[in-house]
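Novice:
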Amino acid sequence: MSEPTIVRITTDPIDLNALQRAVTTPRDGAVVLFTGTVRGVTGAERTEKLEYEAYTEMAMAKLRQVADEMRAKFALIHGIALVQRVGEMAVGEPTVAVVVSAGHRGDGAFEAARYGIDRLKQIVPVWKKETRPDGSAWVEGDYVPSRGD
Amino acid sequence: MSEPTIVRITTDPIDLNALQRAVTTPRDGAVVLFTGTVRGVTGAERTEKLEYEAYTEMAMAKLRQVADEMRAKFALIHGIALVQRVGEMAVGEPTVAVVVSAGHRGDGAFEAARYGIDRLKQIVPVWKKETRPDGSAWVEGDYVPSRGD
Amino acid sequence: MVIKLFATLKDRAGAGEITVSAEGECTVAELRTRIAAQHPALAELVARSIVAVNREFAFNDDVVRATDEVALFPPVSGGCL
Amino acid sequence: MVIKLFATLKDRAGAGEITVSAEGECTVAELRTRIAAQHPALAELVARSIVAVNREFAFNDDVVRATDEVALFPPVSGGCL
Chain A
1 MSEPTIVRIT
11 TDPIDLNALQ
21 RAVTTPRDGA
31 VVLFTGTVRG
41 VTGAERTEKL
51 EYEAYTEMAM
61 AKLRQVADEM
71 RAKFALIHGI
81 ALVQRVGEMA
91 VGEPTVAVVV
101 SAGHRGDGAF
111 EAARYGIDRL
121 KQIVPVWKKE
131 TRPDGSAWVE
141 GDYVPSRGD
Chain B
1001 MSEPTIVRIT
1011 TDPIDLNALQ
1021 RAVTTPRDGA
1031 VVLFTGTVRG
1041 VTGAERTEKL
1051 EYEAYTEMAM
1061 AKLRQVADEM
1071 RAKFALIHGI
1081 ALVQRVGEMA
1091 VGEPTVAVVV
1101 SAGHRGDGAF
1111 EAARYGIDRL
1121 KQIVPVWKKE
1131 TRPDGSAWVE
1141 GDYVPSRGD
Chain C
2001 MVIKLFATLK
2011 DRAGAGEITV
2021 SAEGECTVAE
2031 LRTRIAAQHP
2041 ALAELVARSI
2051 VAVNREFAFN
2061 DDVVRATDEV
2071 ALFPPVSGGC
2081 L
Chain D
3001 MVIKLFATLK
3011 DRAGAGEITV
3021 SAEGECTVAE
3031 LRTRIAAQHP
3041 ALAELVARSI
3051 VAVNREFAFN
3061 DDVVRATDEV
3071 ALFPPVSGGC
3081 L
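Chains as they are written, first to last, in my numbering: chain A, 1 to 149; chain B, 1001 to 1149; chain C, 2001 to 2081; chain D, 3001 to 3081.
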């Protein structure tokens, strides 16, 4: 039976209903969706909006790699969707989605989704520029890839 | 800041986009959504449709209890939605949703969502009738509540 | 005393609720015995069914009063497959 | 050799790509030195930036050819906050 793998870099809003339908096969009884959202308040800091930029060609290749790693580590999962939105996003909007389907809720879909977002944030070349009341700046990550990433 | 708690027994289709928006507060950067779906194929068995029935008044009270338990166990989570759909559902459709928001993906939203669906399946009085090619039958669970459930 | 029925129990009884004659109060264990005696169609299922009183799980030595909301149902199977 | 720039590096250079004179091939380490020399605006950032060659992470002793797709960018910060 086919196991959908969807990877996408897009300026369109993320549609969780459509992603759930797209990854669910007839063998699936459980779907876990993680979505990152634009946080407006972090302690005393206020974020007004975020702008995401991708190195699209490499980001697509690295999203495929993340999906492959998820399948290698979590053998019982079925469908996978990894979607990174780029462009401007407002507070509360989903910026990224990691979606995993499986036959049962204990088949690793929760763990695979967590692994997927952790890995995506390490190796998929996407950056965000944060606009606060006092101006805007690129946010830098802290993961330095090594050979094999 | 307010922390949304949504509990719902409904015949309406489950709208994951609307639930994501409803639970996300300005402090949230991570939302985990679990959805159970009607599995059409289980080994050699074929399911055509499912019909869910609830003892609605008690189910609402028990959904609230599950939400309270989630907050007690996972102190850093913010919004919670627990939605059980009832009535007839076709293969692939979401039957239930457990949605949890938090500031960061490591703040327990994955674990809380997993706990929520496990607990919902133990103590929320909802039953399903499965229709297969050879007829339909109520599915019985195997959890027997004890005092404190 | 009116007892709400769900799932298999409702189908077996052919009704969403049944009435059991019980004056004043009784224990959940006694209630099970009366249901089995007065509604033979449920006799086989009643011992392993769950009793809820006022929307909380109830156990054999709990007391049920005529004014309580009482329900009888199988172990729950909702959520997802 | 054309080098794609992203995020802070693109802003600092004022362009999405720069050209670096390099004949034949060189190592990633040598490439960093040439970028710093030929594009002083990037000198401060180039040592701690990431180099990708043909859409894979590249390291200082890897070899870059003039026909490769080369990119320079900061540690990634996408996904979510």
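Where is the CB? At the ideal position from N, CA and C, for every residue including glycine.
Would you list the residues sitting across from A:L50 in a DSSP beta bridge?
Specialist: A:M89, A:E130
Novice: Use the C-beta contact count for B:R1132: other C-beta atoms within 10 angstroms, 16 or more gives buried, fewer gives exposed.
Specialist: exposed
Novice: On the DSSP letters alone, give me the boundaries of the beta strand (DSSP E) that A:A97 sits inside.
Specialist: 94 to 102
Novice: Need the endpoints of the beta strand (DSSP E) that D:L3005 sits in, please.
Specialist: 3002 to 3005
Novice: Hey, would you say C:P2075 sits closer than 7 Å to B:D1149, going by beta carbons?
Specialist: no
Novice: For the beta strand (DSSP E) containing C:F2073, list its first residue and its last residue.
Specialist: 2070 to 2073
Novice: Measuring only the C-alpha atoms, how far is A:L50 from A:M89?
Specialist: 5 Å
Novice: Taking A:A61 as the query, report the chain D residues whose CB atoms sit under 7 Å from its CB, ordered along the chain.
Specialist: Contacts between A:A61 and chain D, judged by CB atoms closer than 7 Å, involve R3055 in chain order.
Novice: Can you grab the Cα-Cα spacing for the pair D:A3052 / D:A3071, in whole Å?
Specialist: 5 Å
Novice: Compare the C-alpha of B:T1005 against each of B:P1013, B:P1125, B:E1130, B:I1080 and name the closest.
Specialist: B:I1080
Novice: Return the first residue and the last residue of the alpha helix (DSSP H) that B:F1110 is part of.
Specialist: Segment 1109 to 1123, the alpha helix (DSSP H) holding B:F1110.
Novice: Which residues, in order along the stretch 1067 to 1080 of chain B, keep a beta-carbon less than 7 Å from a beta-carbon of chain C?
Specialist: none
Novice: Going along chain D, which residues have a C-beta under 8 Å from A:V126?
Specialist: V3076, S3077, G3078, G3079
Novice: At a cut of 8 Å, does the stretch 2058 to 2069 of chain C reach the stretch 1065 to 1080 of chain B through at least three beta carbon pairs?
Specialist: no
Novice: Quick check: what's the CA-CA separation for A:T25 versus A:A102?
Specialist: Roughly 8 Å separates the two Cα atoms.
Novice: Can you tell me the Cα-Cα spacing of C:G2078 and C:S2021, whole angstroms?
Specialist: 31 Å
Novice: Under 8 Å by Cβ, that's how I've got A:V96 and A:R85 pegged, so tell me the actual separation to the nearest angstrom.
Specialist: 7 Å
Novice: Who are A:L33's beta bridge partners in DSSP?
Specialist: A:V99, B:L1033
Novice: Determine the chain A residues that contact B:G1116 at a beta-carbon separation under 9 Å, and present them in chain order.
Specialist: The premise fails here: B:G1116 is roughly 11 Å from chain A at the closest Cβ pair, so nothing lies under 9 Å.
Novice: Which stretch, first to last residue, makes up the alpha helix (DSSP H) that contains A:T56?
Specialist: Taken as a continuous stretch (DSSP letters only), the alpha helix (DSSP H) holding A:T56 covers 56 to 73.
Novice: Taking the beta strand (DSSP E) that C:R2055 falls in, what are its first and last residues?
Specialist: Judged by DSSP secondary structure, C:R2055 falls outside any beta strand (DSSP E); it is assigned neither H nor E.
Novice: For the stretch 3027 to 3060 of chain D, which residues have a beta carbon sitting closer than 7 Å to at least one beta carbon of chain A?
Specialist: The residues in question are I3050, A3052, R3055, F3057, F3059.
Novice: For B:E1045, count the other beta carbons within 10 Å of its own beta carbon; 16 or more makes it buried, fewer makes it exposed. Which is it?
Specialist: Taking all protein chains in view, the Cβ of B:E1045 is surrounded by fewer than 16 other Cβ atoms within 10 Å, so the residue is classified as exposed.
Novice: On a CA-only basis, which of A:P94, A:K73, A:V99 is nearest A:Y52? Give me that one, please.
Specialist: A:P94
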